[in-house]
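Residue numbering for the sequence shown follows full-length UniProt numbering, starting at 1 and increasing by one per position.
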Amino acid sequence: PSSVSVYCAATRLEEHFYPNCLRYDCICLNTSESCVLSTTGIQRQIINSLDEVGPTALLNPTRLYHACVQTGLVPLYMDAMGNIDQEDQRRYLLSVALEARLSRFLKRCAHDWATGSHVGAGCTLTFLVDWCWKRAVDLKENARELTAPLFTSSALPDRNVVRCLDHCVQQLTQLTGLLDAVLTKCCNLVVPDALSEMEEKYKGVGCVSLYFQVVQWFLRVGLLHARLEACDA
Numbered sequence: 001p002s003s004v005s006v007y008c009a010a011t012r013l014e015e016h017f018y019p020n021c022l023r024y025d026c027i028c029l030n031t032s033e034s035c036v037l038s039t040t041g042i043q044r045q046i047i048n049s050l051d052e053v054g055p056t057a058l059l060n061p062t063r064l065y066h067a068c069v070q071t072g073l074v075p076l077y078m079d080a081m082g083n084i085d086q087e088d089q090r091r092y093l094l095s096v097a098l099e100a101r102l103s104r105f106l107k108r109c110a111h112d113w114a115t116g117s118h119v120g121a122g123c124t125l126t127f128l129v130d131w132c133w134k135r136a137v138d139l140k141e142n143a144r145e146l147t148a149p150l151f152t153s154s155a156l157p158d159r160n161v162v163r164c165l166d167h168c169v170q171q172l173t174q175l176t177g178l179l180d181a182v183l184t185k186c187c188n189l190v191v192p193d194a195l196s197e198m199e200e201k202y203k204g205v206g207c208v209s210l211y212f213q214v215v216q217w218f219l220r221v222g223l224l225h226a227r228l229e230a231c232d233a
């Protein structure tokens, strides 16, 4: 008991009642017992809501989009903007789902939109595949910038570079899985020309994902660094 003291913080105490972090736990002590109180946090609540509501959440995405912006839920390599059209809001929310690893949600979008039942709202399989491709291109370019110094310098990257590369690889892998699901389960609902284009995009994203996985593995086991040292010698 003598080691327990009142919690003090430099920031205002009321800020701790509205955490934007994904998880917030605290332990309460009294004279006879202790208990653990948990809250999922505002960001996690938004992600859970997106997953629970499903693809219909993107039919009218404005409220959910602004909730993400207000709570700082910003996907990697994207900027949060106040006034954008609904198509860009959907792309933003799809990227949030991707970063939160909501693979099941993304595949449900593909399944529900492939029938064309939401064409009027702008939610189509073509829109989803185009977003998937553009997101993969953005991730590839950023991953390329992260890994470029590995081939020109013998210095190991800092933790932030490794962490960002991990995020890029993880999302590229998910996008490959999403395109695979589209080709496997929605092929009967896609015209041959569009199907051929989707197959090419699937192969492209898959190759990029595999390439950066190999670079990531070289980095983890030290082979890439050893190769540079050998060349210098």
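Even glycine gets a Cβ: it sits at the ideal position worked out from N, Cα and C.
What residues in its chain sit with their C-beta under 6 angstroms from that of residue i, if we drop five residues either side in the sequence?
{"i": "D51", "result": "L102 and F105"}
{"i": "L150", "result": "L224"}
{"i": "L139", "result": "C168, Q171 and L172"}
Where does residue i sit, in a helix, a strand or coil, going by DSSP?
{"i": "L37", "result": "strand"}
{"i": "C186", "result": "coil"}
{"i": "C123", "result": "coil"}
{"i": "I47", "result": "helix"}
{"i": "I27", "result": "strand"}
{"i": "M198", "result": "helix"}
{"i": "T62", "result": "helix"}
{"i": "P55", "result": "helix"}
{"i": "C231", "result": "Note that C231 scores a pLDDT of 47, beneath 50, so its modelled location is shaky and nothing firm can be said."}
{"i": "D85", "result": "coil"}
{"i": "L73", "result": "coil"}
{"i": "G222", "result": "coil"}
{"i": "S209", "result": "helix"}
{"i": "R101", "result": "coil"}
{"i": "A80", "result": "coil"}
Going by the CB atoms, is the gap between residue j and residue i shorter than 8 angstroms?
{"i": "A110", "j": "C186", "result": "yes"}
{"i": "G206", "j": "T176", "result": "yes"}
{"i": "V182", "j": "V221", "result": "no"}
{"i": "W131", "j": "K201", "result": "no"}
{"i": "M198", "j": "L179", "result": "yes"}
{"i": "residue 237", "j": "V215", "result": "The question about residue 237 has no answer here: the residues shown for the chain are numbered 1 through 233."}
{"i": "R91", "j": "P55", "result": "no"}
{"i": "I42", "j": "A100", "result": "no"}
{"i": "L98", "j": "L58", "result": "no"}
In chain order, what residues of the same chain lie with their CB nearer than 7 angstroms to the CB of residue i, ignoring the 5 residues before and after it?
{"i": "C28", "result": "S34, C35 and L37"}
{"i": "S95", "result": "P75, M78 and R135"}
{"i": "Q89", "result": "P61, T62 and Y65"}
{"i": "A67", "result": "I46"}
For residue i, which residues from the same chain have a beta carbon less than 8 angstroms from its beta carbon, with the 5 sequence-adjacent residues on both sides left out?
{"i": "A226", "result": "At A226 the pLDDT is 45, less than 50, meaning the model places this residue with poor confidence and gives no usable figure here."}
{"i": "V4", "result": "L29"}
{"i": "V169", "result": "A143, S209, F212, Q213 and Q216"}
{"i": "A194", "result": "T126"}
{"i": "S49", "result": "A57 and L64"}
{"i": "V119", "result": "none"}
Return no unless some Cβ of chain D is closer than 8 angstroms to the Cβ of residue i.
{"i": "A181", "result": "The chain labelled as chain D is not found in the depicted structure, where only one protein chain is given."}
So, does the region 71 to 78 touch the region 124 to 134, judging by three or more C-beta pairs under 8 angstroms?
no
Just checking, does the region 152 to 168 make contact with the region 85 to 95 on the three C-beta pairs under 8 angstroms criterion?
no
Taking contact to mean at least 3 C-beta pairs separated by less than 8 angstroms, is the region 168 to 175 in contact with the region 187 to 194?
no
Would you mind listing the alpha helix (DSSP H) stretches within the region 111 to 176 that are 4+ residues and don't spill past its ends, in chain order?
125 to 147
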